[in-house]
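**Student:**
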Amino acid sequence: MPGGIDDYVGLPRVEKLLRVADELGYGSVLERALRGGAGVADIVELYRAPLWLLGAVARAVTDAITGRRVGYVVNKILNYSNVCIVGCRFCAFYRRPGSPEAYRLSVREAVESVVRDWARYRIRQVLFQGGVDPEIPIEYFEEVFRGIKRETGGEVAVHGLSAVEIDWYSRIHRVSVRELVERLVEAGLDSVPGGGAEILVDSVRERISPAKTRAESWVKVMDTVMALGVPVSATMMYGHLESLEDRARHLLTVLKLQRRRGLVMAFIAWNFEPGNTELQREAPYPAGGTELLRNVAIARIVFRHEIPWIQAGWLTAGTRLGQVSLDYGANDWGGTLYGEKVLPAAGVPLPRLVRDGIERIIRGAGYEPYERDNWYRPISSAGG
Ligand code: SF4
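Using our numbering, you'd call the opening residue of the sequence shown number 794 and step up by one each time.
#1: Between the beta-carbon of W1126 and the beta-carbon of A1158, is there less than 7 angstroms?
#2: Rounded to whole angstroms, what is the Cα-Cα separation between L1037 and S899?
#3: Near the ligand SF4, which residues have their beta-carbon closer than 5 angstroms to a heavy atom?
#4: Taking only runs of the alpha helix (DSSP H) that begin and end inside the segment 808 to 854, which ones reach a length of at least 4 residues, in chain order?
#5: Where does K1013 sit, in a helix, a strand or coil, going by DSSP?
#6: DSSP on A1027, reduced to helix/strand/coil?
#7: Counting only runs that start and end within the segment 890 to 944, where is the beta strand (DSSP E) found for 3 or more residues in a row?
#8: Tell me whether P890 is buried or exposed, calling it buried when 16 or more other Cβ atoms sit within 10 Å of its Cβ.
#9: Helix, strand or coil for Y1131? Go by DSSP, reduced to three states.
#10: With burial defined as no fewer than 16 other Cβ atoms inside 10 Å of the residue's Cβ, what is the status of G940: buried or exposed?
#11: Locate the beta strand (DSSP E) running through A1062, then write down its first and last residues.
#12: How about C881 and K1013: are their beta carbons less than 7 angstroms apart?
#13: Using the C-alpha atoms, what's the distance from L973 back to I965?
#14: Is it buried or exposed for P1003, if we count other Cβ within 10 angstroms and need 16 for buried?
#15: From the DSSP output, in three-state form, read off R862 for me.
#16: DSSP has V978 in a bridge; who is on the other side?
#17: Starting from Y1163, trace the beta strand (DSSP E) both ways and give me its first and last residue.
#18: Roughly how many angstroms separate the alpha carbons of L1056 and V1018, rounded to a whole number?
#19: Report the option in F1065, W1063, M1015 and I1091 whose CA atom is closest to the CA atom of K1049.
#20: Classify R1165: buried if its beta carbon has 16 or more other beta carbons within 10 angstroms, exposed otherwise.
#21: For the putative contact between I1172 and V854, defined by C-beta atoms under 8 angstroms, what is the C-beta separation to the nearest angstrom?
#22: From which residue to which residue does the alpha helix (DSSP H) around V1089 run?
#23: Near G1176, which residues of its chain fall below 7 angstroms by C-beta distance, leaving aside the five closest residues on each side in sequence?
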């Protein structure tokens, strides 16, 4: 992971911005955050600061960490089953067991789907996620992961199963989280995505997904995963029933976890998409574009280099806003996400991105694109 510097406050660009921030009343809170010591009240205050100021500071910090380079990964999402017994109120993707619209890919279908996209697009990563399908045994995942590794010569990394899936499958199959993760790693799991975090505050979780893994358990699962040496990412889904204070607590929970284990590679914020969800009645409108930019900038200022990659968040906000989010401190584009089914279920159409398209988008925003692998390492000779 790239290193940072001890003194962001001393960067000439930041010094100038802090003088302006002082006049506006945000100088000291920004300083505290840039020194790694922001608390809940500080972060709430940052959410009220002018967006342009947050963006300028965040970008200066990112420039000091990774310069003008922006990575992307050619990947696919494999939603192996839409059967789920958790029933989150914000989710338009899942179906109850027995639903006529339920599907579950066989081991062979799952492996073939990855191999097809590997042959076609030279994907480097599969983001492997489903609902929590109680009919799926642990052996299913082991066979799929082994099949992917065997058939692609180990070229496709498995970024799979959120903390929520790990938590539920460990309980359904009566094995410890540790044992489950060890078995999955043995079969080929490379890293764990940050899905299922939403907002890591139980009073919010009770309202948006009452049956879901509680905040403390989410953290415990991720802690166990990282203790086994497996890197992870962290996410935040905003724009539903949470308050600014809840967002602040969420960011600090993620930061604390990172300070303990150090294997959170990236942070991704996306907004709640209300289409076709139960929560639509209480939160009918998606958050606007400025919310994405604000979350990206604040994440960078609070996480600094400690979580080196902040993703552009184009998935729900679109590629045009994704470009703008680079100016607000993002330094990774995320993936091509071939095969994504969750957002289309909420009525969000996704663009089909290919290497050339992503590189044009990143260059168009004034940054230098590079293809990376699952571990955020540049790939020197990109094929396809
Ligand atoms: S968000 Fe995930 S856990 Fe929740 S209902 Fe949808 S598929 Fe199930």
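The beta carbon of each residue, even a glycine, is placed where N, CA and C say it ideally should be.
All values derive from a computational prediction rather than experimental measurement.
**Tutor:** For this structure:
#1: Reading the sequence shown from its first residue, position 333 is the one you call residue 1126. Reading the sequence shown from its first residue, position 365 is the one you call residue 1158. No, they are not a contact pair.
#2: Counted from its first residue, the sequence shown places residue 1037 at position 244. Counted from its first residue, the sequence shown places residue 899 at position 106. Between L1037 and S899, the C-alpha separation is close to 42 angstroms.
#3: Ordered along the chain, the selected set is C877, V879, C881, C884, Y887 and G924.
#4: 820 to 827 and 833 to 841
#5: Working through the sequence shown from its first residue, we reach residue 1013 at position 220. DSSP places K1013 in helix when its eight states are reduced to three.
#6: In the sequence shown, counting from the first residue as 1, residue 1027 sits at position 234. In the structure shown, A1027 adopts extended strand secondary structure according to DSSP, grouped into three states.
#7: 918 to 922
#8: Residue mapping note: residue 890 aligns to position 97 of the sequence shown, counting from 1. Exposed.
#9: Here residue 1131 refers to the residue found at position 338 of the sequence shown. Y1131 sits in a strand when the DSSP states are folded into three classes.
#10: Locating residue 940 in the sequence shown gives position 147, counting from the first residue. Buried, because 16 or more other Cβ atoms sit within 10 Å of the Cβ of G940.
#11: Reading the sequence shown from its first residue, position 269 is the one you call residue 1062. Counting along the chain, the beta strand (DSSP E) containing A1062 begins and ends at V1057 to N1064.
#12: Stepping through the sequence shown from its first residue, residue 881 is reached at position 88. Stepping through the sequence shown from its first residue, residue 1013 is reached at position 220. Cβ distance not < 7 angstroms, so C881 and K1013 don't count as in contact.
#13: For the purposes of this step, residue 965 is identified with residue 172 of the sequence shown, where counting begins at 1. For the purposes of this step, residue 973 is identified with residue 180 of the sequence shown, where counting begins at 1. Taking the straight line from one Cα to the other gives about 11 angstroms.
#14: Mapped onto the sequence shown, residue 1003 falls at position 210. Counting Cβ neighbours within 10 Å, P1003 comes out exposed, since fewer than 16 surround it.
#15: Residue mapping note: residue 862 aligns to position 69 of the sequence shown, counting from 1. Note: R862 maps to strand in three-state DSSP.
#16: Here residue 978 refers to the residue found at position 185 of the sequence shown. None, per the DSSP bridge assignment.
#17: Here residue 1163 is taken as the residue at index 370 of the sequence shown, counted from 1. That run of the beta strand (DSSP E) goes E1161 to E1164.
#18: Residue numbering aside, residue 1056 sits at position 263 when the sequence shown is read from its first letter. Residue numbering aside, residue 1018 sits at position 225 when the sequence shown is read from its first letter. Distance between the alpha carbons of L1056 and V1018: 9 angstroms.
#19: Translated into the one-based positions of the sequence shown, residue 1049 becomes position 256. That would be M1015, whose Cα lies nearest to the Cα of K1049.
#20: By 1-based counting over the sequence shown, the position of residue 1165 is 372. Flag for R1165 reads buried.
#21: Along the sequence shown, one-based indexing puts residue 1172 at 379. Along the sequence shown, one-based indexing puts residue 854 at 61. Rounded, the Cβ-Cβ distance is 26 angstroms, inconsistent with contact.
#22: By one-based count along the sequence shown, residue 1089 stands at place 296. Counting along the chain, the alpha helix (DSSP H) containing V1089 begins and ends at G1082 to F1096.
#23: Here the question's residue 1176 lines up with position 383 in the sequence shown. Residue confidence is low: G1176 scores 43 on pLDDT, short of 50, so the model does not pin down where it sits. Its coordinate-derived value is still stated next. If we look at G1176 and ignore the five residues flanking it on each side, its Cβ neighbours are R915.
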